[in-house]
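Enquirer:
Residue numbers (the numbering used here): 2 to 630.
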């Protein structure tokens with residue numbers, strides 16, 4: 002998943018409390034929370050799940066059943082599932098002879114962030130537990146999109162975002178990355194709509210609106226995904242393609258033409274793609290992230306369909322998760338860097354193979370800039386500047402995460418530089434082979450690294466400061482030095498502009514989005530209205546792609562350049578990706594008049610934002626905790 006901007010940490014969230022109770026379940030005790038989950042898969046675990054769900058756009062609810070096949074490893078008498086604001090209607094047990102009985106269960110007290118436990122009494126011969134339930138409007142993992150907010154403007158849309166702890170808001174489940182399971186699903190939707198999941202997917206609409214899905218490889222709950230809308234498919238390669246609304250799908254097919262090349266590049270480095278098909282789904286603008294690596298079907302923001310293939314590295318990142326994250330999964334969110342740091346490193350290797358080392362180096366330098374910006378916000382000695390982080394008590398959606406991505410990738414590059422690319426590639430390929438479809442902790446990764454790369458040379462291991470990289474704040478002294486000739490050329494143009502050159506005198510030929518970011522991020526602040534107008538009229542920065550706008554608008558706001566404010570409002574009310582909009586809100590909130598403008602715009606934009614984006618923005622605009630109406 003693409004990184005979120007650094008955010009203020011919060012430890013308490015309001016939680017919708019349901020007035021439901023179990024049947025004769027008063028003697029069932031709910032377990033304590035461990036790593037954001039009530040479940041105890043080490044005792045009794047879900048091995049397979051069967052869903053049968055109805056998607057009701059009129060009521061904006063999903064209802065039906067979730068049936069869980071159990072692996073009762075310890076002879077436990079209670080199995081516990083995570084829920085968030087779900088209405089639990091009924092629970093039924095099935096024994097090893099196929100006989101069904103009503104279950105005794107209890108829905109426990111609510112806790113901020115993690116929701117409520119559903120604890121079910123089971124027998125030694127219980128093989129399956131079926132939960133009949135319904136979602137509510139408080140489901141943070143569901144985004145119901147009105148027709149007006151879609152590309153076609155005629156039919157509604159719904160999609161999920163399960164990572165990190167939101168699968169439990171639309172499916173009762175053992176919502177922890179420590180557990181992997183297979184699943185099937187029957188999804189009932191209105192006729193004329195297409196349903197998709199992180200599983201084997203249809204390419205045509207079903208006449209009766211019923212779709213059958215199967216995910217044969219075991220996945221963690223955060224990779225459960227569902228989308229329903231007026232969606233069409235276009236093939237790109239023999240095992241890749243794109244889904245989107247009819248108004249977008251052909252543009253998206255052109256934008257992501259390198260999908261198959263990306264897959265072949267990753268396979269040449271780290272072994273076969275093991276998920277069969279790799280498709281992408283371009284969602285409505287409210288999607289809060291650049292991408293989400295749902296297996297077989299990456300979810301993407303429409304911002305990436307820029308018309309010039311300038312933002313496709315996001316796709317390379319999500320594809321890389323097919324090895325790092327989806328194939329070998331962080332066992333807890335404390336080990337998040339194992340997903341994102343390794344993935345960011347692989348993303349850069351794909352970028353290098355397809356677009357050149359210089360392009361990948363520019364990406365790395367921009368990542369180092371992002372770390373510096375985050376350190377300015379949270380402090381360079383913050384625990385979140387380490388790789389392995391204890392997230393206890395924090396909202397995992399709101400913790401600063403740039404270091405997990407960029408410091409993790411820089412650590413991987415340090416190892417490559419120190420040990421040699423061929424040796425490091427061999428190690429990573431073996432790592433994926435040895436742990437395919439399994440989970441990984443930081444401690445086990447460190448042990449595996451020692452055994453396979455430093456068994457005969459512990460002194461070398463210590464000299465590379467591996468422990469410091471993983472467990473200490475900040476960047477160790479043996480970090481790679483990364484330079485870019487293309488950025489050096491940009492820097493000369495920055496100096497030229499600072500000396501008084503007009504915009505038309507600058508040499509910007511062939512600049513990519515990365516080079517424009519470098520230029521805009523280093524402009525003098527504040528600039529005069531005249532100079533801003535000169536830049537905007539020459540290069541049309543207020544209407545550039547969204548990533549360029551993200552760097553341009555803070556300069557506009559710092560100078561209070563009012564002619565660009567309509568473009569800022571249009572940007573904030575049409576884009577839901579938090580990484581893009583949050584820095585603009587942050588800059589606006591620095592002055593009383595800017596904060597007033599930002600709050601007014603947010604009132605218009607809020608309905609089109611995902612709950613995850615809403616939370617991040619409200620922390621900026623309402624630091625006293627008084628949320629927008």
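Glycine included, each C-beta is placed from N, C-alpha and C at the ideal position.
Going along the chain, which unbroken runs of the beta strand (DSSP E) with 3 or more residues stay wholly within the segment 99–129?
Expert: With a minimum length of 3 residues, the continuous beta strand (DSSP E) runs that stay inside the segment 99–129 are 101–103, 106–108 and 117–122.
Enquirer: Return the chain-ordered ranges of every beta strand (DSSP E) run that is complete within the segment 195–227 and spans a minimum of 3 residues.
Expert: Correct list: 195–198 and 211–220.
Enquirer: For residue 439, which of helix, strand or coil comes out of DSSP?
Expert: If DSSP states are grouped into helix, strand and coil, residue 439 belongs with the strands.
Enquirer: Just to confirm, is the Cβ distance from residue 45 to residue 94 under 7 angstroms?
Expert: Result no, Cβ atoms of residue 45 and residue 94 do not sit closer than 7 angstroms.
Enquirer: Write down the C-beta distance between residue 54 and residue 82 rounded to the nearest angstrom, noting that I regard them as a contact closer than 8 angstroms.
Expert: Contact flag wrong, Cβ pair sits at about 16 angstroms.
Enquirer: Is the distance from the Cβ of residue 562 to the Cβ of residue 533 below 7 angstroms?
Expert: Cβ distance < 7 angstroms, so residue 562 and residue 533 count as in contact.
Enquirer: Output needed for residue 9: all residues of its chain with C-beta closer than 6 angstroms, excluding positions within five of it in sequence on either side, in chain order.
Expert: Residue placement at residue 9 is poorly supported in this model, since its pLDDT is 32, which falls under 50; the coordinates still yield a value, given next. Cβ neighbours of residue 9 beyond the five flanking positions: 620.
Enquirer: Consider the C-beta atom of residue 287 and the heavy atoms of the ligand COA; say whether any pair is separated by less than 6 angstroms.
Expert: With respect to small molecules bound, the structure shown includes none, and the ligand COA cannot be examined in it.
Enquirer: In this structure, does DSSP put residue 355 in helix, strand or coil?
Expert: If DSSP states are grouped into helix, strand and coil, residue 355 belongs with the helices.
Enquirer: When the Cα atoms are used, what is the spatial distance from residue 333 to residue 163?
Expert: Cα-Cα distance, rounded: 15 angstroms.
Enquirer: When the Cβ atoms of the segment 375–384 are set against those of the segment 343–361, are three or more pairs found closer than 8 angstroms?
Expert: No contact exists between the segment 375–384 and the segment 343–361.
Enquirer: For a test of the three-state rule: what should DSSP assign to residue 63, helix, strand or coil?
Expert: It is a strand residue.
Enquirer: Ignore the nearest five residues each way along the sequence and tell me which others in residue 141's own chain have a CB closer than 6 angstroms to its CB.
Expert: Hits under 6 angstroms: 167, 170 and 612.
Enquirer: Tell me which residue opens and which closes the alpha helix (DSSP H) that residue 617 is part of.
Expert: 612–622 is the span of the alpha helix (DSSP H), which, as asked, contains residue 617.
Enquirer: Give me, in chain order, the residues of the same chain whose beta-carbon lies closer than 6 angstroms to that of residue 34; leave out the 5 immediate sequence neighbours on both sides.
Expert: 115.
Enquirer: Give every residue of the same chain whose Cβ lies closer than 7 angstroms to the Cβ of residue 503, excluding the five residues on either side of it in the sequence, and list them in chain order.
Expert: Closer than 7 angstroms at Cβ, skipping near neighbours: 535.
Enquirer: Please confirm whether residue 512 and residue 409 have their CB atoms less than 7 angstroms apart.
Expert: The answer is no: Cβ separation not under 7 angstroms.
Enquirer: Report yes if the CB atom of residue 84 is closer than 7 angstroms to the CB atom of residue 117, and no otherwise.
Expert: Taking 7 angstroms as the Cβ cut-off, residue 84 and residue 117 qualify as a contacting pair.
Enquirer: Do three or more CB pairs link the segment 314–334 to the segment 267–285 at distances below 8 angstroms?
Expert: As far as the Cβ criterion goes, the segment 314–334 touches the segment 267–285, which means the pair count is three or higher.
Enquirer: Determine the direct distance from the alpha carbon of residue 582 to that of residue 552, and round the result to whole angstroms.
Expert: Approximately 11 angstroms between the Cα atoms of the pair.
Enquirer: Going by DSSP, name the residue or residues bridged to residue 145.
Expert: Answer is 159, bridged to residue 145.
Enquirer: Name the two residues that bound the continuous alpha helix (DSSP H) containing residue 488.
Expert: Note, residue 488: alpha helix (DSSP H), 486–499.
Enquirer: Taking all protein chains shown into account, do 16 or more other C-beta atoms lie within 10 angstroms of the C-beta of residue 438, making it buried, or fewer, making it exposed?
Expert: With fewer than 16 other Cβ atoms within 10 Å, it is exposed.
Enquirer: Would you list, in sequence order, the uninterrupted beta strand (DSSP E) runs of no fewer than 3 residues that lie entirely inside the segment 243–286?
Expert: The segment 243–286 contains these whole beta strand (DSSP E) runs: 279–283.
Enquirer: Could you tell me if residue 24 is buried or exposed, where buried requires 16 or more neighbouring beta carbons within 10 angstroms of its beta carbon?
Expert: Reliability of the predicted coordinates at residue 24 is poor, the pLDDT of 49 falling under 50, and the value obtained from them is presented with this limitation in mind. Exposed: under 16 other Cβ atoms inside 10 Å.
Enquirer: Between 214, 197, 221 and 257, which has its C-alpha nearest residue 228's C-alpha?
Expert: Measuring from the Cα of residue 228, the nearest candidate turns out to be 197.
Enquirer: Could you compute how far the alpha carbon of residue 204 sits from the alpha carbon of residue 464?
Expert: Distance between the alpha carbons of residue 204 and residue 464: 53 angstroms.
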